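Student:
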Amino acid sequence: MVTIQKYVKAQSLEEAWKLNQGKKNRILGGMLWMRLGNGTISTAIDLCDLGLDTIEETDEEFSIGARVTLRELEQHVGLNTYTHDAVKNAVKDIVGVQFRNMATIGGSIWGRFGFSDVMTVFLAMDSYVELYKGGIVSMADFVSMKMDNDILIRVIVKKRACQIAYMAVRNQSTDFPVLTCCVSKLEGKYRAVIGARPKRAKLVSDENGIMANGVTKEVAAAFASYVAEQVPTDSNLRGSSTYRTHLIHVLTERCVVQLENQQ
Numbered sequence: 120m121v122t123i124q125k126y127v128k129a130q131s132l133e134e135a136w137k138l139n140q141g142k143k144n145r146i147l148g149g150m151l152w153m154r155l156g157n158g159t160i161s162t163a164i165d166l167c168d169l170g171l172d173t174i175e176e177t178d179e180e181f182s183i184g185a186r187v188t189l190r191e192l193e194q195h196v197g198l199n200t201y202t203h204d205a206v207k208n209a210v211k212d213i214v215g216v217q218f219r220n221m222a223t224i225g226g227s228i229w230g231r232f233g234f235s236d237v238m239t240v241f242l243a244m245d246s247y248v249e250l251y252k253g254g255i256v257s258m259a260d261f262v263s264m265k266m267d268n269d270i271l272i273r274v275i276v277k278k279r280a281c282q283i284a285y286m287a288v289r290n291q292s293t294d295f296p297v298l299t300c301c302v303s304k305l306e307g308k309y310r311a312v313i314g315a316r317p318k319r320a321k322l323v324s325d326e327n328g329i330m331a332n333g334v335t336k337e338v339a340a341a342f343a344s345y346v347a348e349q350v351p352t353d354s355n356l357r358g359s360s361t362y363r364t365h366l367i368h369v370l371t372e373r374c375v376v377q378l379e380n381q382q
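Counting from 120, one number per residue, gives the positions in the sequence shown under our numbering.
1. For residue 194, does the three-state DSSP call read helix, strand or coil?
2. Under 8 Å, do residue 169 and residue 129 count as touching if we go by C-beta distance?
3. If you drop the 5 nearest sequence neighbours on each side, which residues of the same chain put their C-beta closer than 8 Å to that of residue 327?
4. For the alpha helix (DSSP H) holding residue 310, just list the boundary residues, first then last.
5. Given that a residue counts as buried once 16 or more other Cβ atoms are within 10 Å of its Cβ, and exposed if not, what is residue 258?
6. I need the DSSP call for residue 207, collapsed to helix, strand or coil.
7. Using the rule of at least 16 other Cβ atoms within 10 Å of the residue's Cβ for burial, across every protein chain shown, is residue 144 buried or exposed?
8. Take residue 263 as the anchor and find which of 277, 229, 306, 353 has the nearest alpha-carbon.
9. Report, in whole angstroms, the separation of the C-beta atoms of residue 245 and residue 277, which I expect to be a contact under 8 Å.
10. Looking at the secondary structure, which residues open and close the alpha helix (DSSP H) in which residue 346 lies?
11. For the region 198 to 218 against the region 283 to 298, do three or more pairs of beta-carbon atoms, one drawn from each stretch, fall closer than 8 Å, so that the two count as touching?
12. If we require 3 or more residues per run, which beta strand (DSSP E) segments fall completely within the region 219 to 251?
13. Using 7 Å as the cut-off, classify the Cβ of residue 281 as near or not near the heavy atoms of the ligand NAD, replying yes or no.
14. To the nearest angstrom, how far is the alpha carbon of residue 371 from that of residue 343?
15. Please state the DSSP three-state secondary structure of residue 216.
16. Measure the beta-carbon distance from residue 156 to residue 121 and round it to whole angstroms, keeping in mind my assumption that it falls under 8 Å.
17. Roughly how far, in whole angstroms, is the beta-carbon of residue 226 from the beta-carbon of residue 315, given that I think they are within contact range, below 8 Å?
18. What's the C-alpha gap between residue 333 and residue 324?
19. Assuming residue 189 contacts residue 210 (C-beta within less than 8 Å), just tell me the rounded distance between them.
20. For the alpha helix (DSSP H) containing residue 259, list its first residue and its last residue.
21. Check whether the Cβ atoms of residue 123 and residue 185 sit closer than 8 Å, and answer yes or no.
22. Would you mind working out which of 272, 176, 151 sits nearest residue 219, comparing C-alpha positions?
23. For residue 149, does the count of other Cβ atoms within 10 angstroms reach 16, so buried, or fall short, so exposed?
24. Kindly indicate which three-state DSSP category residue 146 falls into: helix, strand or coil?
25. With distances taken Cα to Cα, identify the nearest neighbour of residue 369 among 288, 352, 331.
26. Should residue 357 and residue 231 be called a contact, given that it needs their Cβ atoms to be closer than 8 Å?
27. Between the C-alpha atoms of residue 309 and residue 374, what's the straight-line distance to the nearest angstrom?
28. Taking the beta strand (DSSP E) that residue 122 belongs to, which residues open and close that run?
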């Protein structure tokens, strides 16, 4: 059980950042993961008054505030039109509607959890995070950064020409995934992201040009094999390393086929 000694609604990002420098102080997201832990939080810092709960769309990008819920992502017409429903497919099996109404994109991305469907799908796009002190950082760099006391303000998705497909395997509906997979084609360049391996999501680009001359069944299989070779896996109670490596091959190939059908 978590014990909170003091609760503060921050009135500015600067106030929130200063409070967050305390060793036992924490920024609150949806509180759905944090509440499962043990220990004492000296000051719980709530960002709910800072206007970080909107999705703004322009001709160039989507700007998603840190307090936007997973349910809002799931239902956003513009974002899901752009991603061919990949975002919706990534979050729709996360527990249930009530959970997704509380869980935030900020908490999901900031935690860089190995099991994160959310990180997997956003890492496959031309996406960035804006940190209060760290500025704008590409998602590819952010996923490997060490945890610190900065504050995630928003997630940015650039509207580059994009086809994208998302798939995951779960042992049981609403459970943590055994493996997540997202394949995208950004302005002609292919990339695959594998999550729940069970470590942090890993991005693999088609650096060898396997997909450069068009996609056939054989080419899709070759790219899937390449991705499986590049992504180390491990075992836990949901699946063995060998099984996960097999799933990488299967899901990557299926995502490539689905992606090509979008054109």
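Beta carbons: idealized from backbone N, C-alpha and C, even for Gly. Please read all numbers here as calculations on a predicted model, not as lab measurements.
Tutor: By the coordinates alone:
1. In this structure, residue 194 counts as helix in the three-state DSSP scheme.
2. In contact: residue 169 and residue 129 (Cβ atoms closer than 8 Å).
3. Once the five neighbours on either side are set aside, the close Cβ partners of residue 327 are 345.
4. Residue 310 -> not in any alpha helix (DSSP H); beta strand (DSSP E) instead, spanning 308 to 314.
5. Classification of residue 258: buried, given that the 10 Å Cβ count is 16 or more.
6. In the structure shown, residue 207 adopts helical secondary structure according to DSSP, grouped into three states.
7. That one is buried.
8. That would be 229, whose Cα lies nearest to the Cα of residue 263.
9. The Cβ separation is near 4 Å, so the contact holds.
10. Where residue 346 is concerned, the enclosing alpha helix (DSSP H) stretches over 336 to 349.
11. Yes, the region 198 to 218 touches the region 283 to 298.
12. Fully contained in the region 219 to 251 are the following beta strand (DSSP E) runs of length 3 or more, in chain order: 246 to 250.
13. The ligand NAD is not part of this structure, which contains no ligands at all.
14. One Cα belongs to residue 371, the other to residue 343, and the distance between them is close to 5 Å.
15. Three-state DSSP puts residue 216 in a helix.
16. So it is a contact: roughly 6 Å between Cβ atoms.
17. For residue 226 against residue 315, the beta-carbon gap comes to about 17 Å, at or over 8 Å, which does not count as contact.
18. Spanning the alpha carbons of residue 333 and residue 324 requires a straight line of approximately 16 Å.
19. Indeed, because the Cβ distance is near 5 Å, the residues count as touching under 8 Å.
20. Here the alpha helix (DSSP H) through residue 259 covers 258 to 261.
21. Not in contact: residue 123 and residue 185 (Cβ atoms no closer than 8 Å).
22. It is 151 whose Cα lies nearest to the Cα of residue 219.
23. Counting Cβ neighbours within 10 Å, residue 149 comes out buried, since at least 16 surround it.
24. Assigned with DSSP and collapsed to three states, residue 146 falls in strand.
25. Of 288, 352, 331, the residue nearest in Cα terms is 288.
26. Their beta carbons are not under 8 Å apart, which means residue 357 does not touch residue 231 by this criterion.
27. The straight-line gap from Cα to Cα measures roughly 11 Å.
28. 121 to 128 is the extent of the beta strand (DSSP E) around residue 122.
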